[in-house]
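The sequence shown maps to residues -21 to -1, 1 to 169 in mature numbering (1 follows the signal peptide of the UniProt record, and there is no 0).
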Amino acid sequence: MQFKKICWLVLLLLITAPVFAQRKRQRQSAGFREFTRITNQANLAFNVPDGFKEVSNKQNRLSFDYGIALPGQEFEIWFRVIPEQNDSMTDSLYIDVGKIEAKSLAGDANYFMRGMPPEVISDYNADTGRTFLINLPDSPTTKHYKYALLITLQKKKSGTVMAVCFTNDKGPDFFQNINKARSCMKFRPI
């Protein structure tokens, strides 16, 4: 009888062990831990969206903090977070930072700048935001991507976040991929 109980217990442990093993947290890279530290300073919540994988920052010639990509797709998103250090930041910092980055990415090409609708801004708990659609020059800096959508959001007393979405096709798939990552970052209420 005692032997049967032990056998059942061992069998139960063998069956449930894989379930608990799957629930272990994945190891976080040093880049992700540093990015999380910066997002916390800016009062931002961030989670890697389903299906996305971290992109190594070692080859990144751009000044971004963290990157993710959809495996098997020509689609990457790079993030830069600028925590507000004091109350002296101007309300238009997000525009200036966005314009500088758009010009840097576009080179001699033009870009299209547009304000974000209030309902979209409120989805991110931000105060204001802009988008920049950019035709990219052929460059190893941008991994030879053809197009970029630069999104800037700002929250007073928190900071500014930039997300640059890179692709080679700005058709419906591009915007569907952006939509997959839409909820990965949000300012926390103050």
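Each residue gets a CB set at the ideal place from its N, CA and C atoms; glycine is no exception.
Neighbour-count burial assignment, residue i, 16 or more Cβ in a 10 Å radius
i, result
"I17", "buried"
"G94", "exposed"
"K32", "exposed"
"S137", "buried"
"R59", "buried"
"G46", "buried"
"D117", "exposed"
"Q1", "Per-residue confidence for Q1 stands at a pLDDT of 48, beneath the threshold of 50, marking its modelled position as unreliable; no derived number is given."
"F91", "exposed"
"A48", "buried"
"F14", "buried"
"F153", "buried"
"D44", "buried"
"A81", "buried"
"I61", "buried"
"L(-10)", "Reliability of the predicted coordinates at L(-10) is poor, the pLDDT of 43 falling under 50, and no value is obtained from them."
N-terminal and C-terminal residue of the beta strand (DSSP E) that residue i is part of
i, result
"Q133", "126 to 134"
"Y103", "Counting along the chain, Y103 falls outside any beta strand (DSSP E), and DSSP gives it neither H nor E."
"R93", "90 to 94"
"E63", "Where E63 is concerned, there is no enclosing beta strand (DSSP E), given that its DSSP letter is neither H nor E."
"K165", "164 to 166"
"F25", "23 to 25"
Segment limits, alpha helix (DSSP H) that includes residue i
i, result
"L115", "No alpha helix (DSSP H) contains L115, which DSSP labels as neither H nor E."
"E53", "Per DSSP, E53 belongs to no alpha helix (DSSP H) and is neither H nor E."
"K82", "72 to 85"
"F11", "9 to 20"
"F31", "Segment: none, F31 is in no alpha helix (DSSP H) and carries neither H nor E."
"F145", "Where F145 is concerned, there is no enclosing alpha helix (DSSP H), although the beta strand (DSSP E) it sits in stretches over 138 to 146."
"D44", "Per DSSP, D44 belongs to no alpha helix (DSSP H) and is neither H nor E."
"I169", "It is not in any alpha helix (DSSP H) - I169 carries neither H nor E in the DSSP assignment."
"K159", "151 to 159"
Cβ-Cβ separation, residue j to residue i (assumed contact under 8 Å), whole Å
i, j, result
"I74", "A142", "Their Cβ separation, rounded to whole angstroms, is 15 Å, which puts I74 and A142 out of contact at 8 Å."
"T120", "V76", "Actually they do not touch by this definition, with Cβ atoms about 18 Å apart."
"N104", "R167", "7 Å"
"N26", "C163", "6 Å"
"A24", "K165", "5 Å"
"L112", "I157", "Between I157 and L112 the Cβ distance is about 12 Å, and since that is not below 8 Å, they are no contact."
"N147", "E53", "5 Å"
"Y126", "K149", "5 Å"
At a cut of 8 Å, does the segment 127 to 138 reach the segment 103 to 118 through at least three beta carbon pairs? yes
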